[in-house]
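Asker: What follows is a single structure, and I will ask about it in a moment.
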């Protein structure tokens, strides 16, 4: 794995092609997006999506496309564009802002331990595959770092509990915290169909309503998802080899919660109660 650490039984790989200035003029256009846990050359992903009727949403079906598309309000379009702009930013270790964000993540995770360098064996303590986190961000972009940093700053107790595996009866072979976090970013982008010019699932359309009311909705949903994933991990008595199954179960639960009629904003998702500050 090119000087990367990790368990011998497998390696987490997250793949998303990032291109600056994506052409979003085609409603059917998306970039390649998936997340995998590769073990013995076996690859598994998640493709499920659910739907329900939404009020005040115009649903259209493009000829030759089996999925509907949803007309957006100007506010929703603007919020989606700003989020998509974040998705297009690749992590670049030569950019001071990116370096500072990475340092801030370390400080939030280990406030009592000084980081010796941006490339250091210390990063493995957080669950990166090697001594240079930029190699794990390469496929996910800067937003995956922003998600982790938002989690660390806004839900410090939950962040630390997950980082240090402090809750529940843990498996002998645990998932690596940081790389799991990058995979969660990928999963959410895929589940919400965020790289399309318009949402083509009811889940995606519902999320954009929440995003139009709270621009931090994606980062907040990320925190909820990470905590829910760990909750599912414990409930399933999972070990390292079960990571894909846990991610699929987490996605299905999120989709169900996002489509509940009584949920009008991200903070009303039932799994939000799992988070502690």
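Numbering (this note's numbering), first residue to last: 20 to 296. Glycine residues also receive a C-beta, built at the ideal position from the N, C-alpha and C atoms.
Let me check understanding here. Comparing Cα to Cα, which of 146, 154 and 165 lies closest to residue 259?
Answerer: When each option's Cα is compared against that of residue 259, the closest is 146.
Asker: Just to confirm my understanding: we take residue 186, look at its own chain, exclude 5 residues before and 5 after, and list those with CB closer than 6 Å. What are they?
Answerer: Hits under 6 Å: 180.
Asker: By how many angstroms is the C-alpha of residue 272 removed from the C-alpha of residue 133?
Answerer: Answer to the nearest angstrom: the Cα atoms are 38 Å apart.
Asker: Are residue 194 and residue 242 touching if we call contact CB-CB under 8 Å?
Answerer: No, they are not a contact pair.
Asker: Report the rounded CA-to-CA distance for residue 135 versus residue 123, giving the unit in angstroms.
Answerer: Cα to Cα, the separation comes out at about 13 Å.
Asker: Just how far apart, CA to CA, sit residue 282 and residue 288?
Answerer: So the alpha carbons of these two residues sit roughly 6 Å apart.
Asker: Quick check on the burial criterion: 16 or more other C-beta atoms within 10 angstroms. Buried or exposed for residue 15?
Answerer: The structure shown does not extend to residue 15, since the chain is modelled only from 20 through 296, so no value can be given for it.
Asker: Please name the residue, chosen from 277, 97, 118 and 294, that lies closest to residue 211 on a Cα-to-Cα basis.
Answerer: Minimum Cα distance to residue 211 is reached at 277.
Asker: Measure from the alpha carbon of residue 119 to the alpha carbon of each residue in 108, 137 and 128, then state which is nearest.
Answerer: Of the listed residues, the one whose Cα sits closest to residue 119 is 137.
Asker: Enumerate in chain order the residues of its own chain whose CB-to-CB distance from residue 182 is below 8 Å, with the five nearest sequence positions on each side excluded.
Answerer: Excluding positions up to five away in sequence, the list reads 128, 145, 146 and 196.
Asker: Rounded to a whole number of angstroms, what is the C-alpha to C-alpha distance between residue 100 and residue 191?
Answerer: Cα-Cα distance, rounded: 43 Å.
Asker: Span of the alpha helix (DSSP H) holding residue 269?
Answerer: Per DSSP, residue 269 belongs to the alpha helix (DSSP H) from 262-277.
Asker: Enumerate in chain order the residues of its own chain whose CB-to-CB distance from residue 265 is below 7 Å, with the five nearest sequence positions on each side excluded.
Answerer: Around residue 265: 248, 251, 252, 255 and 257.
Asker: What first and last residue would you give for the alpha helix (DSSP H) that runs through residue 169?
Answerer: Residue 169 -> alpha helix (DSSP H) spans 161-173.
Asker: Please go through the same chain and pick out, in chain order, the residues whose beta-carbon is closer than 7 Å to the beta-carbon of residue 164, but skip the five residues on each side of it.
Answerer: 110, 120, 121, 124 and 156.
Asker: Relative to the C-alpha of residue 97, which candidate in 234, 270, 269 and 279 has its C-alpha closest?
Answerer: Residue 234 is the option with its Cα nearest to residue 97.
Asker: Within this structure, are the beta carbons of residue 331 and residue 159 separated by less than 8 Å?
Answerer: As displayed, the chain neither begins before 20 nor continues past 296, which places residue 331 out of reach and without an answer.
Asker: Return the chain-ordered list of same chain residues with a C-beta closer than 6 Å to the C-beta of residue 77, the five sequence neighbours on each side being excluded.
Answerer: Low confidence applies to residue 77: its pLDDT is 33, below 50, so where it sits in the model is not reliable enough to give any reading.
Asker: Which residue from 238, 290 and 227 puts its Cα closest to that of residue 173?
Answerer: For residue 173, the nearest C-alpha among the options comes from 238.
Asker: Give me the Cα-Cα distance between residue 295 and residue 175, rounded to the nearest whole angstrom.
Answerer: Going from the Cα of residue 295 to the Cα of residue 175 covers about 8 Å.
Asker: Return helix, strand or coil for residue 295, following the three-state DSSP convention.
Answerer: Coil at residue 295, not helix or strand.
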